[in-house]
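Visitor: Handing you a structure now.
Numbering (this note's numbering), first residue to last: 3 to 545.
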């Protein structure tokens, strides 16, 4: 690429193509688009200089070879394969860098159906878990043998020293395997090329460590760890340049994290039948930083849709494989009884517990999960950690978040009883209120009726008063008129004359009125006087 920066239009077009290969989230893309032209040009040049060290098929084939070596498959078809030149730890480290830094096309090619890189990587993680678990059991067996050798006499110690601890372990294990041959039998259904079939993990004592149901390809045969001598196993591992199982498990988890940073890869991991089981089983790792990374991945899956059930199923599988009495027992033991306080692991652990418990919408299920962790000693441990590590802000913040979202079952029960009592009291008061409302309505209706009657009576009385007032006014007016007339009549004759003369034509005067009244009175009097009694025709004769 030329060192001369192109014009802005060409630069923006080149920058769009460059960031499209990075598979960045939308918010990060918006931030990059705001960069000045000089910084965009630097990113384009840096990205152009990044070239893939190896194609995806290189890593896939190398991982398959490691799996053949660790599984100890004694077949000519597999032994003729070339052994990997590069050490497994170095190869996984290179793969993690490639998944993290190469363009999105390289990652898609690694995950494509032709390479099936995710299936191969998970198969190698399963194999490394087998070896790691096996080494742990052998170490425990060595410690037990050494302890017993201190308690037996010299003759028995000589006799025991002729047999290696690994030999003693496998002899007992083989007898255990023979007694449980049905559970260890390999079931081949003929679909050896199906990469989507489920894998199942198990432990070597008393149950198998890792087994698979016609797992991935014809090169991924059933693990024979626990059926071979330890020395033979380590010779094979050395021959195939396989590194420490703990280192390889840690790098496999880092590769899975790089894959899950891609949306397509994240979906493939969740949809894989056994990916979460293998990741959860990786918590058996002794390194706290690796365990913290595993918990961060599990917490991220728990937050997506249907991810919560996937995580709980993975820990159910963990309980069966590791023969736990309770789910999350191993996780809580490492949290509550940690030999040393690792800040990152403790924060990741309580954050994971927070998400597992409080991301559930169903309150009953949330209480169930709370009680599940409470039985494992979480509540008492949190109180202790609050006192011991109060200066660790992030850790205390997560603890406080758990306690803030905690459902106190006893308090809920007490609140429920109080609520029932309150509901009963409310019902009683509602009944009393209903009776009072009825009485109030009756009184109110009676009052309305009485008010109506009184209003009608008032209206009638007002009408009568108005009528009386009108009559009074008429009478008063008439009386005043009569008084004025009477006063005029009793006044001077001139006034009488003038009154008479001022009367309208045809109107009666006072004198005429008086004579008229007098004549009428006389007539009335004459009319009212009864006639004399009739005289008898004959007088009675005296005796």
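Where a beta carbon is used, it is the ideal one built from N, C-alpha and C, also for glycine.
(1) On a CA-only basis, which of 279, 409, 465 and 417 is nearest residue 322? Give me that one, please.
(2) Residue 33 by DSSP, collapsed to three states: which one?
(3) Output the residue ranges of the alpha helix (DSSP H) runs that lie fully inside the stretch 282–309 and measure 4 residues or longer, sorted by chain position.
(4) Tell me the DSSP secondary structure of residue 550 in three-state form.
(5) For residue 100 and residue 91, I'd like the C-alpha separation in whole angstroms.
(6) According to DSSP, is residue 1 part of a helix, a strand, or is it coil?
(7) Closer than 6 angstroms by C-beta to residue 552: which residues in its own chain qualify, once you throw out the five before and the five after it? Chain order, please.
(8) Count the other CB atoms, across all protein chains shown, that sit within 10 Å of the CB of residue 330; report buried if there are 16 or more and exposed otherwise.
(9) With DSSP run on the structure shown, which of helix, strand or coil describes residue 328?
(10) Hey, could you find the ends of the alpha helix (DSSP H) residue 349 is sitting in?
(11) Residue 248: buried (16+ other C-beta within 10 angstroms of its C-beta) or exposed?
(12) What residue does the alpha helix (DSSP H) around residue 266 start on, and which one ends it?
(13) Note down the Cα distance separating residue 421 from residue 433, rounded to an integer number of angstroms.
(14) Are the beta-carbon atoms of residue 361 and residue 305 separated by less than 8 angstroms?
(15) Excluding the five sequence neighbours on either side, which residues of its own chain have a C-beta within less than 7 angstroms of the C-beta of residue 260, listed in chain order?
(16) Taking Cβ positions, are residue 107 and residue 58 nearer each other than 8 angstroms?
(17) Going straight from the alpha carbon of residue 347 to that of residue 293, what length do you get?
(18) Would you say residue 243 and residue 132 are within 8 angstroms of each other, going by their C-beta atoms?
(19) When the distance is taken between beta carbons, is residue 405 closer than 8 angstroms to residue 384?
(20) Quick one: what does DSSP say residue 385 is sitting in, helix, strand or coil?
(21) Excluding the 5 residues flanking residue 353 on each side, which residues of the same chain have their C-beta closer than 7 angstroms to its C-beta?
(22) Determine, using beta carbons only, whether residue 299 and residue 333 come nearer to each other than 8 angstroms.
(23) Could you compute how far the alpha carbon of residue 550 sits from the alpha carbon of residue 418?
(24) I think residue 297 touches residue 351, with their Cβ atoms under 8 angstroms apart; what is that distance to the nearest whole Å?
(25) Using a Cβ-based criterion (distance less than 7 angstroms to any ligand heavy atom), does residue 426 qualify as near the ligand NAP?
(26) Is DSSP giving residue 249 helix, strand or coil here?
(27) Mind checking residue 250: buried by the 16 CB within 10 Å criterion, or exposed?
(28) Going by other Cβ atoms of all chains shown within 10 Å of its Cβ, with 16 needed for buried, is residue 16 buried or exposed?
(29) Near residue 13, what residues of its chain come up, given a Cβ to Cβ distance below 8 angstroms and the 5 sequence neighbours on each side ignored?
(30) Where does the unbroken alpha helix (DSSP H) through residue 92 begin, and where does it stop?
(31) Determine the contact status of residue 359 and residue 372, defining contact as a CB-CB distance below 8 angstroms.
Guide: In this structure, then:
(1) Of the listed residues, the one whose Cα sits closest to residue 322 is 279.
(2) It is helical.
(3) 290–304
(4) With the chain represented from 3 up to 545, any question about residue 550 goes unanswered, as that position is not in the structure.
(5) 14 angstroms
(6) Past the boundaries of the shown model lies residue 1; the chain is included only from 3 to 545, so the question cannot be answered.
(7) The chain is shown from 3 up to 545; residue 552 falls before or after that span and cannot be answered.
(8) buried
(9) Collapsing the DSSP output to three states places residue 328 in coil.
(10) Per DSSP, the continuous alpha helix (DSSP H) segment holding residue 349 begins and ends at 345–360.
(11) The residue in question, residue 248, is buried, as its Cβ has 16 or more Cβ neighbours within 10 Å.
(12) 265–273
(13) Across the structure, residue 421 and residue 433 are spaced so that their CA atoms are roughly 18 angstroms apart.
(14) yes
(15) If we look at residue 260 and ignore the five residues flanking it on each side, its Cβ neighbours are 98, 101 and 102.
(16) no
(17) Straight-line measurement puts the Cα of residue 293 at about 7 angstroms from the Cα of residue 347.
(18) no
(19) The beta carbons of residue 384 and residue 405 sit closer together than 8 angstroms.
(20) helix
(21) Hits under 7 angstroms: 301 and 400.
(22) no
(23) In the structure displayed, the chain extends from 3 to 545; residue 550 sits before or after that span and is not available.
(24) 6 angstroms
(25) With respect to small molecules bound, the structure shown includes none, and the ligand NAP cannot be examined in it.
(26) helix
(27) By the 10 Å Cβ count, residue 250 comes out buried.
(28) Buried is the call here.
(29) 7, 39, 42, 43 and 46
(30) 90–103
(31) Yes; because the gap between Cβ atoms is below 8 angstroms, this pair is in contact.
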